[in-house]
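Below is one structure, written out as structure tokens, with a few remarks after it.
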Amino acid sequence: MDDGVILVLTCLEDSSADMVIGHLIAQGAQVARFDPGIEFPSRAIVSSVFGAGPPRGRLVTATRQVDLERVRAVYYRRPTPYPTPPASQAATFVSREAKFGLGGILATLPCRYVSHPWTLLAAEHKPLQLSAAQRAGFAVPATLMTNDVEEARAFAAEHGQLVYKPLRGGSYTGADGEPCTIWTSPVQLGDLDDGIGHTIHQFQARVDKTADLRVTVAGGQVFCVRLDSRLLDWRADYEGITYTVIAPPAGLPDKCFAFLAELGLPFGAFDFALTEDGPVFLECNPNGQWGWIEDETGLPIARAIADLLLEDPT
Amino acid sequence: MPEEHTRPWGLSRMTPLPPAPPASYRTVHLDPVTQQAVYVDQNGKPIEAGRHGTNKQTSKAQTTGGSDGQNPTPPDETTVTDYDND
Numbered sequence: 075m076d077d078g079v080i081l082v083l084t085c086l087e088d089s090s091a092d093m094v095i096g097h098l099i100a101q102g103a104q105v106a107r108f109d110p111g112i113e114f115p116s117r118a119i120v121s122s123v124f125g126a127g128p129p130r131g132r133l134v135t136a137t138r139q140v141d142l143e144r145v146r147a148v149y150y151r152r153p154t155p156y157p158t159p160p161a162s163q164a165a166t167f168v169s170r171e172a173k174f175g176l177g178g179i180l181a182t183l184p185c186r187y188v189s190h191p192w193t194l195l196a197a198e199h200k201p202l203q204l205s206a207a208q209r210a211g212f213a214v215p216a217t218l219m220t221n222d223v224e225e226a227r228a229f230a231a232e233h234g235q236l237v238y239k240p241l242r243g244g245s246y247t248g249a250d251g252e253p254c255t256i257w258t259s260p261v262q263l264g265d266l267d268d269g270i271g272h273t274i275h276q277f278q279a280r281v282d283k284t285a286d287l288r289v290t291v292a293g294g295q296v297f298c299v300r301l302d303s304r305l306l307d308w309r310a311d312y313e314g315i316t317y318t319v320i321a322p323p324a325g326l327p328d329k330c331f332a333f334l335a336e337l338g339l340p341f342g343a344f345d346f347a348l349t350e351d352g353p354v355f356l357e358c359n360p361n362g363q364w365g366w367i368e369d370e371t372g373l374p375i376a377r378a379i380a381d382l383l384l385e386d387p388t
Numbered sequence: 152m153p154e155e156h157t158r159p160w161g162l163s164r165m166t167p168l169p170p171a172p173p174a175s176y177r178t179v180h181l182d183p184v185t186q187q188a189v190y191v192d193q194n195g196k197p198i199e200a201g202r203h204g205t206n207k208q209t210s211k212a213q214t215t216g217g218s219d220g221q222n223p224t225p226p227d228e229t230t231v232t233d234y235d236n237d
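So, in structure tokens, the structure goes:
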């Protein structure tokens with residue numbers, strides 16, 4: 075019997091992908107791993123034929139040959155982006171064609187995706203998240219996105235304590251070349267200046283929290299962990315976090331399911347601020363980290379993701 | 152226009168990342184059978200799964216000094232979705 079292949083699109087050093095692959099193999103699944111942005115075109119061959127009937131194609135990596143119509147599920151776990159070369163026209167062409175050709179082939183296989191790359195792209199946008207969170211029934215902090223400093227000042231005057239949080243995370247470089255980032259940080263009214271006019275900035279009413287919750291949802295399974303940290307933004311010091319597995323607050327799983335259903339995601343890593351009135355939605359990381367949560371708590375998240383990939387399509 | 156006149160306010164919130172821990176492996180390659188990554192230490196020996204420290208949410212930017220990519224897993228927000236709008 076042909077059970078098909080599970081295609082894992084990921085970079086070589088994503089150890090969370092290794093954890094899921096381990097469970098897939100243990101359950102007898104065939105796995106092919108591929109990092110299109112790195113391996114294609116020098117170390118992989120791809121062909122796809124479109125005509126009468128469904129498309130047919132093949133993917134040959136250094137270690138696997140896959141008939142694309144045999145792919146039963148795709149685990150899209152942070153593959154390396156297609157290169158963005160600065161200068162060469164040939165390199166730009168190669169990358170652009172790969173992204174829209176190969177990327178299109180890998181995004182239109184008639185199978186389950188955890189999660190679909192185009193769905194992930196939409197879900198990475200905070201404006202969509204905040205409105206969907208509201209519709210799902212979560213408490214959401216008052217939020218302002220603006221490049222108008224007067225609007226920001228009025229918002230600060232109305233809400234008192236604010237935090238600033240970039241709309242997209244990432245690394246930057248400091249004055250001395252040191253790697254930097256921008257964590258969520260408190261804002262005083264006097265901090266605001268005309269520099270706000272130079273792009274859109276996200277401000278939120280500061281939530282008076284007692285702890286944070288990291289809630290990882292994979293299919294129907296919900297893994298709820300309380301994070302105690304002395305910091306406003308726990309990401310700034312992992313050593314300072316205490317992890318406690320707790321039962322999810324009443325009603326929370328259904329709201330998570332509703333949120334993910336609206337966005338079309340089978341997985342999400344949610345961050346909540348825990349307050350005396352219950353959890354407040356901060357964000358959902360649609361392809362967020364969970365490996366370290368499994369390491370710290372023993373929660374079987376990798377297994378849950380593997381089960382999701384192995385489920386028979388209904 | 153000098154950069155200070157156009158510098159977006161948000162960049163004033165930049166802080167240095169904590170220093171990277173020492174490298175725990177020298178190289179990494181794909182096991183052709185299992186399709187899992189194999190991490191090899193300074194002495195050429197494979198490192199037990201889960202002991203190479205890549206599961207923490209640390210930044211790739213911390214590894215600017217070397218090509219070994221210790222702690223390469225980016226945090227949530229640097230999740231790269233290939234399809235930037237253009």
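Chains L and H, in that order, are what the protein sequence lines are.
Residue numbers for the first sequence follow the working numbering, beginning at 75 and rising by one.
Residue numbers for the second sequence follow the working numbering, beginning at 152 and rising by one.
Just so you know, even glycine gets a beta-carbon here, dropped at the ideal spot from N, CA and C.
For the alpha helix (DSSP H) containing residue i, name the first residue and the last one.
i	result
Gly-243(L)	Gly-243(L) -> no alpha helix (DSSP H), and no H or E assigned at all.
Gly-96(L)	89-100
Ile-395(L)	This structure cannot settle anything about residue 395(L), because the visible part of chain L is limited to 75 through 388.
His-233(L)	223-233
Arg-170(L)	163-181
Arg-377(L)	375-384
Cys-330(L)	326-337
Near residue i, what residues of its chain come up, given a Cβ to Cβ distance below 7 Å and the 5 sequence neighbours on each side ignored?
i	result
Lys-239(L)	Thr-258, Gln-276 and Gln-278
Arg-280(L)	Gln-235, Leu-236, Val-237 and Pro-260
Gly-372(L)	none
Gln-399(L)	Only positions 75 to 388 of chain L appear in this structure, which leaves residue 399(L) out of reach.
Lys-283(L)	Ala-347, Leu-348 and Thr-349
Using the C-alpha atoms, what's the distance from residue j back to residue i?
i	j	result
Val-191(H)	Ile-99(L)	22 Å
Glu-199(H)	Arg-304(L)	33 Å
Val-184(H)	Thr-137(L)	8 Å
Gly-342(L)	Pro-115(L)	31 Å
Val-79(L)	Arg-242(L)	34 Å
Trp-192(L)	Asp-286(L)	29 Å
Ile-179(L)	Gln-363(L)	26 Å
Leu-301(L)	Tyr-317(L)	5 Å
Phe-167(L)	Gln-139(L)	26 Å
Asp-369(L)	Asp-222(L)	43 Å
Pro-160(L)	Lys-196(H)	38 Å
Gly-102(L)	Ile-95(L)	11 Å
Ala-249(L)	Leu-162(H)	12 Å
Ile-270(L)	Ala-196(L)	25 Å
Asp-268(L)	Trp-160(H)	8 Å
Lys-329(L)	Pro-201(L)	18 Å
Thr-232(H)	Ala-106(L)	Legend: pLDDT at Thr-232(H) = 41, less than 50; position of this residue unreliable, value from coordinates given subsequently. So the two alpha carbons sit approximately 20 Å from each other.
Ala-226(L)	Met-219(L)	8 Å
Ala-91(L)	Thr-84(L)	7 Å
Return the residue from the list the options that minimises the CA-CA distance to residue i.
i	options	result
Pro-374(L)	Val-237(L), Arg-151(L) and Thr-290(L)	Thr-290(L)
Gln-186(H)	Ile-119(L), Met-93(L), Arg-117(L) and Phe-114(L)	Met-93(L)
Asp-386(L)	Pro-360(L), Gly-293(L) and Leu-194(L)	Gly-293(L)
Gln-25(L)	Asp-369(L), Pro-360(L), Trp-364(L) and Leu-384(L)	Nothing in the structure corresponds to residue 25(L), since chain L is present only between 75 and 388.
Arg-164(H)	Lys-200(L), Arg-300(L), Gly-244(L) and Gln-363(L)	Gly-244(L)
Ser-189(L)	Arg-151(L), Pro-128(L), Ser-162(L) and Glu-198(L)	Arg-151(L)
Trp-366(L)	Phe-297(L), Ala-335(L) and Arg-209(L)	Phe-297(L)
Ala-228(L)	Leu-194(L), Ala-206(L), Pro-215(L) and Leu-266(L)	Leu-266(L)
Ser-122(L)	Ile-112(L), Ala-106(L) and Leu-142(L)	Leu-142(L)
Tyr-392(L)	Gly-177(L), Glu-224(L), Ala-335(L) and Phe-355(L)	Residue 392(L) is absent from the model: chain L starts at 75 and stops at 388.
Asn-194(H)	Leu-181(H), Asp-182(H) and Tyr-176(H)	Tyr-176(H)
Arg-146(L)	Gly-175(L), Ser-169(L), Pro-153(L) and Ala-181(L)	Ala-181(L)
Leu-86(L)	Asp-109(L), Ala-118(L) and Val-105(L)	Asp-109(L)
Leu-384(L)	Asp-88(L), Ser-89(L) and Val-148(L)	Val-148(L)
Leu-382(L)	Phe-344(L), Gly-338(L) and Tyr-187(L)	Tyr-187(L)
Pro-340(L)	Gln-163(L), Leu-194(L), Ser-90(L) and Gly-127(L)	Leu-194(L)
Glu-198(L)	Leu-334(L), Ala-118(L) and Gly-251(L)	Leu-334(L)
Using a Cβ-Cβ cutoff of less than 6 Å, which residues in the same chain neighbour residue i once the five nearest sequence positions on both sides are dropped?
i	result
Ala-212(H)	Bear in mind that the predicted position of Ala-212(H) carries a pLDDT of just 31, short of 50, making it unreliable; the figure below should be weighed with that in mind. Excluding positions up to five away in sequence, the list is empty.
Ala-230(L)	Leu-236 and Leu-263
Ala-332(L)	Ala-210
Ile-120(L)	Reading off the sequence, residue 120(L) comes out as Val, not Ile. Closer than 6 Å at the Cβ level, and outside the excluded window around Val-120(L), lie Leu-133 and Leu-176.
Ile-112(L)	Thr-154
Leaving out five residues on either side along the sequence, give the residues of the same chain with a beta carbon under 8 Å from the beta carbon of residue i.
i	result
Asp-351(L)	Ala-213
Pro-353(L)	Phe-212, Ala-213, Leu-287, Pro-323, Leu-326, Phe-346 and Ala-347
Ser-169(L)	Tyr-156, Pro-157, Thr-158 and Pro-159
Asp-357(L)	The question names Asp, but residue 357(L) in the sequence shown is Glu. Excluding sequence neighbours, Glu-357(L) sits near Lys-200, Gln-203, Phe-344 and Asp-345.
Check whether chain H comes within 8 Å of residue i, counting only Cβ atoms and requiring the distance to be less than that.
i	result
Glu-252(L)	yes
Where does the unbroken beta strand (DSSP E) through residue i begin, and where does it stop?
i	result
Leu-202(L)	Leu-202(L) -> not in any beta strand (DSSP E); alpha helix (DSSP H) instead, spanning 200-210.
Cys-358(L)	352-359
Thr-178(H)	178-181
Gly-342(L)	341-349
Taking CB distances under 8 Å as the criterion, tell me whether residue i reaches chain L.
i	result
Gln-187(H)	yes
Arg-164(H)	yes
Gln-213(H)	Reliability of the predicted coordinates at Gln-213(H) is poor, the pLDDT of 32 falling under 50, and the value obtained from them is presented with this limitation in mind. It does; some Cβ of chain L falls within 8 Å.
Ser-218(H)	Its pLDDT being 29, under 50, Ser-218(H) is placed unreliably in this model, and the coordinates cannot settle the point.
Gln-208(H)	Summary for Gln-208(H): the model assigns pLDDT 45, below 50, so the residue's position carries little reliability; its value from the coordinates is reported in the next sentence. Chain L contact via Cβ: present.
Arg-158(H)	yes
Val-179(H)	yes
Do residue i and the ligand ADP come close, with the Cβ less than 7 Å from some heavy atom?
i	result
Phe-124(L)	As for the ligand ADP, it is missing from this structure, which has no ligand bound.
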